[in-house]
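Peer 1:
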Amino acid sequence: MDNTPALFGLNRSNTNKDFSQAKAWGKNSFNNCFPIALLCYMQSQNIAPVYLVLDRNWNIVPEKIDVNSIFGHAYDSEDIYFAFEYTYGQNQQFAKGTLPRIDLVVMDNSNSESPWLRALEIKLTALPDNSTCDFSEEEYGCELVVRPNTIIHLTLEIVSQYAEHRSELLDSLSPIFQNNFDWESEDSMLEKIPHIIQTIKTLLLAKIDDQIPLVIQPIWKTIGKSTRLHENCLDVFIWSTFAFAKLLLDTVEQGRARGFSRAKQAVLWIVKMFSDFATDGKIDPQTVSVGFTRQTDKAFALSGRKTHPYMSCAELSRPRIKKTEIKNIILGQGEKLLSPERRFDAILVNSPELFT
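Residue numbering for the sequence shown is -14 to 341, as defined by the working numbering.
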């Protein structure tokens, strides 16, 4: 039996990570790699993740999706390659300068001319979060924090659907920018938010059959807000490109802030990139020039109370992978190479003798 540290489905030949080395088990690396191993394991057990998609009635609905469909290729094929923290070359043609890296690029090594299969963001989330930990288990939810890079990749996947029909995109956007629209005026931009949201909605519904997986959101469930895993502790949700866009638009429409919120800034950034693409055929991911302060740590965030209505299903209440199965995903004593953050509050909680 091989005792080399490893993750299920990932090896030296199909990924740019070497799991025999401690570096691959660092916090950021592990949080990206473990979810992919979890997906590979689920496929081996014929368990389909929950796929959150946008329907024709402008609703986000939960479906099921085969893991191989998420990757665009069989997970155990000799030709599949998982490149973590990598640049998605397929969309480079639509961008000025260098694209920011994305959490996972899936490639087909048998196709040297066009190996690109998927560009996927990964968001490993705890269930419940602080806003829902006192609720019943059926009401638990996960906090979702979205980076600016996710907004860039979301935008690129949407505009790529209009690459051969940029005139349609331009015609849809033109009414927004009439009457001396001013990117430097907060009042001008805020006034246009409802029109912008309706325009994006129309653009998405026109391409409803072209939505693809974008965000992998594994959930790990604990007993309340304790550090103990629930017996049924793991599952995976997949957000499609369009479902994730609707999540952002809903956040703006349901928000109470009168001025600029992070979500409003993200929507304005998206429509600015749409406009640049419609005019020039490219976006500039490194430049944000829409008259507001760029906040680079996160584009927007939603508490578990906000995400629960979208994710509510049997799999959220009772995740399908048991904690006893984790040993089938983390292999070769890889857990011994993990290096979690040391937090003072966590140390205090786990040191009750200090208070006796």
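In this text, a Cβ means the ideal position worked out from N, Cα and C, and glycines have one as well.
Which partner residues of N217 appear in the DSSP bridge assignment?
Peer 2: The partner list for N217 (beta bridge, DSSP) reads K307.
Peer 1: Based on the DSSP output, what are the partners of I107 in its beta bridges?
Peer 2: Note: I107 sits in a beta bridge opposite I201.
Peer 1: Under 8 angstroms, with one C-beta from each stretch per pair, do the stretch 67 to 83 and the stretch 176 to 189 reach the 3-pair mark?
Peer 2: Short answer: they don't touch.
Peer 1: Determine the extent of the alpha helix (DSSP H) in which K12 is found, giving its start and end residues.
Peer 2: K12 to S29 is the extent of the alpha helix (DSSP H) around K12.
Peer 1: When the Cα atoms are used, what is the spatial distance from Q77 to S54?
Peer 2: Taking the straight line from one Cα to the other gives about 23 angstroms.
Peer 1: Helix, strand or coil, according to DSSP, for F4 in the structure here?
Peer 2: In the structure shown, F4 sits in coil (DSSP, three-state: anything other than H, G, I, E or B).
Peer 1: Identify whether D172 lies in helix, strand or coil by the three-state DSSP scheme.
Peer 2: Residue state, collapsed to three classes: helix.
Peer 1: Have a look at F120 and I208 and give me their C-alpha separation to the nearest angstrom.
Peer 2: Between F120 and I208, the C-alpha separation is close to 12 angstroms.
Peer 1: Thinking C-beta only, is G82 closer than 9 angstroms to P270?
Peer 2: Cβ atoms of P270 and G82: closer than 9 angstroms.
Peer 1: Rounded to whole angstroms, what is the Cα-Cα separation between S14 and F56?
Peer 2: Distance between the alpha carbons of S14 and F56 is about 19 angstroms.
Peer 1: For H138, count neighbouring Cβ atoms within 10 angstroms of its own Cβ and tell me buried if that reaches 16, exposed if not.
Peer 2: Buried, by the Cβ-count rule.
Peer 1: In chain order, what residues of the same chain lie with their CB nearer than 7 angstroms to the CB of Q6, ignoring the 5 residues before and after it?
Peer 2: Closer than 7 angstroms at Cβ, skipping near neighbours: no residue.
Peer 1: Decide if I107 is buried, meaning its Cβ has at least 16 other Cβ atoms within 10 Å, or exposed.
Peer 2: So I107 counts as buried.
Peer 1: So S324 and W10 are supposed to be a Cβ contact under 8 angstroms. How far apart are they, rounded?
Peer 2: Yes, they are in contact, since the Cβ atoms of S324 and W10 sit about 7 angstroms apart, within 8 angstroms.
Peer 1: Between the alpha carbons of I314 and V200, how many angstroms are there, rounded?
Peer 2: Going by the C-alpha atoms only, they are around 21 angstroms apart.
Peer 1: Report the three-state DSSP secondary structure of I268 (helix, strand or coil).
Peer 2: It is a strand residue.
Peer 1: Using CA atoms only, rank isn't needed, just tell me which of L189, L175, V46 and S288 is closest to C118.
Peer 2: Closest by alpha carbon: S288.
Peer 1: Enumerate in chain order the residues of its own chain whose CB-to-CB distance from D88 is below 6 angstroms, with the five nearest sequence positions on each side excluded.
Peer 2: Cβ neighbours of D88 beyond the five flanking positions: N17, E106 and I107.
Peer 1: Per DSSP, I87 is paired with what?
Peer 2: DSSP, once it has assigned bridges, lists Y71 as partnering I87.
Peer 1: Beta-carbon within less than 6 angstroms of S(-2)'s beta-carbon, same chain only, minus the 5 sequence neighbours each way: which residues are those?
Peer 2: There are no such residues.
Peer 1: Between the C-alpha atoms of V130 and I255, what's the straight-line distance to the nearest angstrom?
Peer 2: Spanning the two alpha carbons is a distance of roughly 17 angstroms.
Peer 1: Beta-carbon within less than 8 angstroms of G244's beta-carbon, same chain only, minus the 5 sequence neighbours each way: which residues are those?
Peer 2: Closer than 8 angstroms at Cβ, skipping near neighbours: E171 and L175.
Peer 1: Please list the segments of the alpha helix (DSSP H) lying wholly inside the stretch 109 to 151, counting only runs of 4 or more residues, in order along the chain.
Peer 2: Correct list: 133 to 144.
Peer 1: For E300, which of helix, strand or coil comes out of DSSP?
Peer 2: Three-state result, E300: helix.
Peer 1: Would you kindly work out how many angstroms separate the C-alpha atoms of C218 and N42, rounded to a whole number?
Peer 2: Straight-line Cα distance between these residues: approximately 33 angstroms.
Peer 1: Applying the criterion that 16 or more other CB atoms from any shown protein chain within 10 Å of the CB defines a buried residue, is P179 buried or exposed?
Peer 2: P179 is exposed by the Cβ-count criterion.
Peer 1: Put T(-11) into one of helix, strand or coil per three-state DSSP.
Peer 2: In this structure, T(-11) counts as coil in the three-state DSSP scheme.
Peer 1: Could you give the DSSP three-state label for W254: helix, strand or coil?
Peer 2: W254 falls in the helix class under three-state DSSP.
Peer 1: What number of angstroms, rounded off, separates the C-alpha of S99 from the C-alpha of Q75?
Peer 2: Their Cα atoms are separated by approximately 8 angstroms.
Peer 1: Any idea if A331 is buried or exposed, counting beta-carbon neighbours within 10 angstroms, 16 or more meaning buried?
Peer 2: It is exposed - the Cβ of A331 has fewer than 16 other Cβ atoms within 10 Å.
Peer 1: Since S225 sits in a beta bridge, which residues does DSSP pair it with?
Peer 2: Paired residue(s): P198.
Peer 1: Tell me the DSSP secondary structure of G276 in three-state form.
Peer 2: In this predicted model, G276 has a pLDDT of only 43, less than 50, meaning its place in the structure is not dependable; the value taken from the coordinates is given anyway. It is coil, neither helix nor strand.
Peer 1: DSSP has T292 in a bridge; who is on the other side?
Peer 2: For T292, which the question treats as bridged, DSSP gives no partner whatsoever.
Peer 1: Confirm, please, whether the CB-CB distance from F222 to Q239 is below 9 angstroms.
Peer 2: The answer is no: Cβ separation not under 9 angstroms.
Peer 1: Answer with buried or exposed for L333, where buried requires no fewer than 16 other C-beta atoms within 10 angstroms of its C-beta.
Peer 2: L333 should be labelled exposed.
Peer 1: State yes or no: is the C-beta of A228 within less than 9 angstroms of the C-beta of V38?
Peer 2: Yes; because the gap between Cβ atoms is below 9 angstroms, this pair is in contact.
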